[in-house]
Amino acid sequence: MRMYDCIQKKKHGEALRKEEIEFIVNGYTNGTIPDYQMSAFLMAVCFEGMSEEETLHLTMAMAHSGDMLTLSGIEKKTADKHSTGGVGDKTTLIVGPMVASLGVAVAKMSGRGLGHTGGTIDKLESFPGFRVDLAEAEFEKQVQELGIAVMGQTANLAPADKKIYALRDVTATVDQMALIASSIMSKKLAAGADTIVLDVKTGSGAFMKTLEDSIALAQEMVKLGNNAGRSTYAVVSDMNQPLGYAVGNILEVKEAIDALKGKAPADLMESCYVLAAQMLLGTGIVTDFEQGVAAAKQTIADGSALKKLAEMVEAQGGDPKYVYEPERFPVAAYAKEIYPQSEGYLASVQTEEIGMVSLVLGAGRETKESEIDMTAGLIMTAKIGDLLNPAEPMAVLYANDEKKLLDAEKRFQKAIQISKEPVQPLKHIYATVSGEGVVML
Ligand code: URA
Numbered sequence: 189m190r191m192y193d194c195i196q197k198k199k200h201g202e203a204l205r206k207e208e209i210e211f212i213v214n215g216y217t218n219g220t221i222p223d224y225q226m227s228a229f230l231m232a233v234c235f236e237g238m239s240e241e242e243t244l245h246l247t248m249a250m251a252h253s254g255d256m257l258t259l260s261g262i263e264k265k266t267a268d269k270h271s272t273g274g275v276g277d278k279t280t281l282i283v284g285p286m287v288a289s290l291g292v293a294v295a296k297m298s299g300r301g302l303g304h305t306g307g308t309i310d311k312l313e314s315f316p317g318f319r320v321d322l323a324e325a326e327f328e329k330q331v332q333e334l335g336i337a338v339m340g341q342t343a344n345l346a347p348a349d350k351k352i353y354a355l356r357d358v359t360a361t362v363d364q365m366a367l368i369a370s371s372i373m374s375k376k377l378a379a380g381a382d383t384i385v386l387d388v389k390t391g392s393g394a395f396m397k398t399l400e401d402s403i404a405l406a407q408e409m410v411k412l413g414n415n416a417g418r419s420t421y422a423v424v425s426d427m428n429q430p431l432g433y434a435v436g437n438i439l440e441v442k443e444a445i446d447a448l449k450g451k452a453p454a455d456l457m458e459s460c461y462v463l464a465a466q467m468l469l470g471t472g473i474v475t476d477f478e479q480g481v482a483a484a485k486q487t488i489a490d491g492s493a494l495k496k497l498a499e500m501v502e503a504q505g506g507d508p509k510y511v512y513e514p515e516r517f518p519v520a521a522y523a524k525e526i527y528p529q530s531e532g533y534l535a536s537v538q539t540e541e542i543g544m545v546s547l548v549l550g551a552g553r554e555t556k557e558s559e560i561d562m563t564a565g566l567i568m569t570a571k572i573g574d575l576l577n578p579a580e581p582m583a584v585l586y587a588n589d590e591k592k593l594l595d596a597e598k599r600f601q602k603a604i605q606i607s608k609e610p611v612q613p614l615k616h617i618y619a620t621v622s623g624e625g626v627v628m629l
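Basically this note's numbering = 1-based index in the sequence shown + 188.
Shown next as structure tokens:
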């Protein structure tokens, strides 16, 4: 078999066979296929797409390129949740403890920030001492005993995806549906959970900008998961503005702690209740969706979800006092209030750009080697549809380098639009997707 012929075939829009896809994935992972041929292949996929069958073969080949966890030491039903990437998305920190306190075994491997999007692993490292590099046996033991563990992806989890993703990142081949679906699902399948709940973001801060594409991506991933024998569900949620108000590691952890006390903005609370209900339904803890939402709400009202987060932080070497006294977290040296340039309604937010504002303030990585400033980021005070008053700040930027604030302020102002006419608030959740189909909300 020759890589040249596989590229040629895809260039002409032909479907590749299972053996050809395995040859490509294995060859690229072990270094016998060079970057330039893989790049040409990925670009051909961007133009010609992949059939459902090809996408399944690609997913399975990448999943089996490294360890396949079985989580066999865990007696309860295991569940994993994954977001396709957003700005201000701290839901794992809230939903994980909620459902763990109701008896779901949350076995979650998370990633670091990528481009304009934040990562759960970086956020968890805001807790002094928190360890994200658990050994597999330790991970399973913690899930078995406590009901939840969140760790970074092990080096040998879907290594093919790791290598291919890094190449896609620099060859403008990230935003192709089959490539995204197979990348995410290969990792989820390798991580071993029985139930997988996907939070597919849609809008200006998401990889998929339109609702139609986001629903199609959700359907594709749900089908992949179900075909591989896992109960898979998706929620399609809004990313036309940051989720909640806070963007940046410690700022988001504090907002997550507020949410666990029931004191966070409505979009964040609603997203968490819906995701939690889907995880409870998928694992059979509840039998209908409304019951799941009610159970999730109860974990906030009775403090059990907050307690579960503190227990998880402690089990992974962090200091649980920060959960109960978040004022212990350090704060950035400089804060700058941003005022609306005119009176009117917040009409739109270029959310990807807001992610970049947070990144330039220090909360994200400019290069793979960059150190993150845990205290940097921003807090918005308005949502789309809110009336803005030029005398009141609509956001506060945080940084430890005063110069960064000036650039960030200019970018922030350019990223939002104000309208004289009233603007409708946005929905938080658009649809749920299961093997039975799409339910528009
Ligand atoms: N997240 C992933 O893990 N892979 C993608 O391709 C996109 C988002």
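For every residue, glycine included, the Cβ atom is placed at its ideal position computed from N, Cα and C.
8 Å Cβ cutoff met for residue i and residue j
i: residue 297; j: residue 365; result: no
i: residue 266; j: residue 295; result: yes
i: residue 243; j: residue 370; result: yes
i: residue 443; j: residue 454; result: no
i: residue 569; j: residue 433; result: yes
i: residue 348; j: residue 232; result: no
i: residue 587; j: residue 549; result: yes
i: residue 596; j: residue 519; result: no
i: residue 459; j: residue 309; result: no
i: residue 621; j: residue 406; result: yes
i: residue 287; j: residue 431; result: no
i: residue 240; j: residue 375; result: no
i: residue 435; j: residue 390; result: no
i: residue 600; j: residue 585; result: yes
Classification of residue i by the beta-carbon crowding that lies within 10 angstroms, buried from 16 upward
i: residue 300; result: buried
i: residue 235; result: exposed
i: residue 511; result: buried
i: residue 562; result: buried
i: residue 314; result: buried
i: residue 328; result: buried
i: residue 610; result: exposed
i: residue 341; result: buried
i: residue 516; result: exposed
i: residue 270; result: buried
C-alpha gap between residue i and residue j, whole angstroms
i: residue 630; j: residue 578; result: Not covered by the structure: residue 630. The range shown for the chain is 189 to 629.
i: residue 284; j: residue 190; result: 45 Å
i: residue 540; j: residue 320; result: 27 Å
i: residue 330; j: residue 261; result: 10 Å
i: residue 629; j: residue 619; result: 5 Å
i: residue 213; j: residue 528; result: 50 Å
i: residue 281; j: residue 473; result: 20 Å
i: residue 574; j: residue 537; result: 12 Å
i: residue 489; j: residue 495; result: 12 Å
i: residue 256; j: residue 343; result: 12 Å
i: residue 632; j: residue 384; result: Limits of the chain in this structure are 189 at one end and 629 at the other, which puts residue 632 out of reach.
i: residue 393; j: residue 542; result: 8 Å
i: residue 437; j: residue 558; result: 15 Å
i: residue 583; j: residue 276; result: 14 Å
i: residue 332; j: residue 367; result: 33 Å
i: residue 606; j: residue 428; result: 15 Å
Residue nearest to residue i in terms of C-alpha spacing, selected from the options
i: residue 485; options: 271, 504 and 289; result: 289
i: residue 409; options: 377, 565, 600 and 237; result: 377
i: residue 198; options: 215, 227 and 223; result: 227
i: residue 372; options: 246, 513 and 275; result: 246
i: residue 505; options: 286, 566 and 312; result: 312
i: residue 532; options: 501, 521 and 571; result: 571
i: residue 380; options: 388, 416, 564 and 361; result: 416
i: residue 387; options: 208, 465 and 448; result: 465
i: residue 594; options: 560, 576 and 523; result: 523
i: residue 422; options: 478, 625, 476 and 435; result: 625
i: residue 217; options: 391, 346 and 521; result: 346
i: residue 303; options: 222, 615, 427 and 551; result: 551
i: residue 450; options: 492, 502 and 478; result: 492
i: residue 445; options: 514, 207 and 194; result: 514
Checklist line | Uninterrupted beta strand (DSSP E) stretches inside the region 416 to 454 (no shorter than 3 residues) | finding: 419 to 426
Item checked: Complete alpha helix (DSSP H) runs within the region 526 to 591 (minimum length 4 residues, chain order) -> 539 to 546
Notebook entry, point to check: Which runs of the alpha helix (DSSP H) spanning at least 4 residues fall entirely within the region 304 to 370, listed in chain order?
Noted result: Listed in chain order, the complete alpha helix (DSSP H) runs (minimum 4 residues) inside the region 304 to 370 are 308 to 312, 324 to 334 and 347 to 358.
Margin query: At 4 residues or longer, what runs of the alpha helix (DSSP H) sit wholly inside the region 230 to 279?
Written below: 240 to 251
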